[in-house]
């Protein structure tokens with residue numbers, strides 16, 4: 001039997017369409033997950049517009065932010081049962097013998113391949129998932145929120161594990177997309193005073209930020225960054241999908257401060273990095289997440305301490321994937337969620 005799937009079939013811009021794809025068969029260590037909800041990520045948009053900078057195994061079903069119910073288990077799968085409510089990590093293929101995998105940092109394994117670009121993702125009815133990727137979710141956590149565990153884990157790793165943010169710090173986030181908003185919420189949980197900067201075209205998303213008590217900014221955020229003592233903010237989190245915002249981040253951070261780079265930008269940078277030396281600034285990249293991060297985030301979502309309700313701008317059936325994509329691309333919503341039927 002075949003099911004409608006959102007397929008990225010070529011490198012050319014716009015090469016995404018609905019196709020019918022057969023239901024996958026589980027390998028010995030896999031489960032077949034019935035997808036209940038799947039978030040649209042900025043990387044899905046980048047593959048749709050061919051503005052991405054990572055290799056893709058075409059054709060591939062998009063979608064790596066998903067939640068669902070176990071439909072079938074492979075013969076070697078233990079401790080998981082049909083009907084279990086779960087979310088899945090994104091590292092579909094890893095080398096368990098890689099030195100980074102052996103210390104639990106499989107997200108940094110160079111051979112890692114993820115759902116939605118390396119293997120078929122979850123913008124479909126059924127997806128094959130290695131059992132090692134699964135995490136249980138409580139009955140009280142709705143699927144449409146649970147599917148955002150993945151971007152929440154990106155933000156947790158960036159702000160909690162890879163940034164040094166303390167209560168009373170001032171944090172400036174660049175880019176009011178999903179990751180930027182979630183980083184801002186994580187910085188609030190760490191006790192920081194937070195602002196987020198975007199464009200005038202981001203007004204709808206910046207209004208959501210304001211509803212969370214995050215200071216929305218447009219234009220030159222340096223005024224806010226320097227308004228206390230003229231030195232800049234303690235930490236800048238750059239979640240924009242372009243490269244040149246790094247120059248802004250270096251300008252707005254205070255001497256001896258930190259810049260965390262979590263947004264992808266394939267363009268080369270055309271400016272001097274000397275201010276990093278002059279200001280004694282630390283620049284930290286942050287990529288993906290691992291097992292303990294997911295467990296922490298699921299607990300934050302389940303208890304409501306991390307409230308992502310305002311970030312979800314709408315839910316659409318899989319057939320309306322292009323509407324959901326365009327609403328995110330045009331800045332009308334922060335996060336679109338697809339519901340396979």
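Numbering (my numbering), first residue to last: 1 to 341.
Positions of the beta carbon are idealized from the N, C-alpha and C atoms, including for glycine.
Since we're looking at a predicted model, the values are computed, not measured.
Item: Terminal residues of the continuous alpha helix (DSSP H) containing residue 180?; Value: 178–189
Item: Taking residue 171 as the reference, which of 219, 14 and 235 has the closest Cα?; Value: 235
Item: Start and end of the alpha helix (DSSP H) containing residue 83?; Value: That residue, residue 83, is in no alpha helix (DSSP H); it is neither H nor E in DSSP.
Item: Does DSSP put residue 140 in a helix, a strand or coil?; Value: coil
Item: Quick check: what's the CA-CA separation for residue 340 versus residue 244?; Value: 37 Å
Item: Less than 8 Å between the CB atoms is what I'm expecting for residue 65 and residue 38, so what's the real figure, rounded?; Value: 6 Å
Item: As a quick exercise: from 338, 288, 200 and 75, pick the residue whose alpha carbon is nearest that of residue 331.; Value: 200
Item: Counting pairs of beta carbons, one from the stretch 42–52 and one from the stretch 4–22, are three or more of them closer than 8 Å?; Value: yes
Item: Any contact between the stretch 114–127 and the stretch 19–28? By contact I mean 3 or more CB pairs, one from each, below 8 Å.; Value: yes
Item: How big is the Cα-Cα spacing for residue 263 and residue 163?; Value: 15 Å
Item: So residue 118 and residue 92 are in contact, right, with Cβ under 8 Å, and what is the actual spacing, rounded?; Value: 6 Å
Item: Smallest Cα separation from residue 268: which of 250, 242 and 275?; Value: 242
Item: If you check the beta carbons only, do residue 20 and residue 57 fall under 9 Å apart?; Value: no
Item: In chain order, which beta strand (DSSP E) runs of at least 3 residues are fully inside the stretch 204–255?; Value: 215–218 and 233–238
Item: Please state whether the Cβ-Cβ distance between residue 98 and residue 111 is less than 9 Å.; Value: yes
Item: Run the CB neighbour count on residue 421, radius 10 Å, all protein chains shown included, and call it buried at 16 or more, exposed below.; Value: A question about residue 421 goes unanswered here, because the residues of the chain that appear run from 1 up to 341.
Item: Tell me whether residue 66 sits in a helix, a strand or coil according to DSSP, three-state version.; Value: strand
Item: Starting from residue 126, trace the beta strand (DSSP E) both ways and give me its first and last residue.; Value: 126–130
Item: Flag this pair as yes or no: are the beta carbons of residue 188 and residue 194 separated by less than 9 Å?; Value: yes
Item: Would you list the residues sitting across from residue 173 in a DSSP beta bridge?; Value: 196 and 237
Item: Tell me the DSSP bridge mates of residue 315?; Value: 337
Item: So what's residue 71 in DSSP terms, helix, strand or just coil?; Value: strand
Item: Provide the residue(s) that pair with residue 370 in DSSP beta bridges, ordered along the chain.; Value: Past the boundaries of the shown model lies residue 370; the chain is included only from 1 to 341, so the question cannot be answered.
Item: Which same chain residues end up closer than 6 Å to residue 181 when comparing Cβ atoms and leaving out the 5 residues on each side of it in sequence?; Value: 311 and 334
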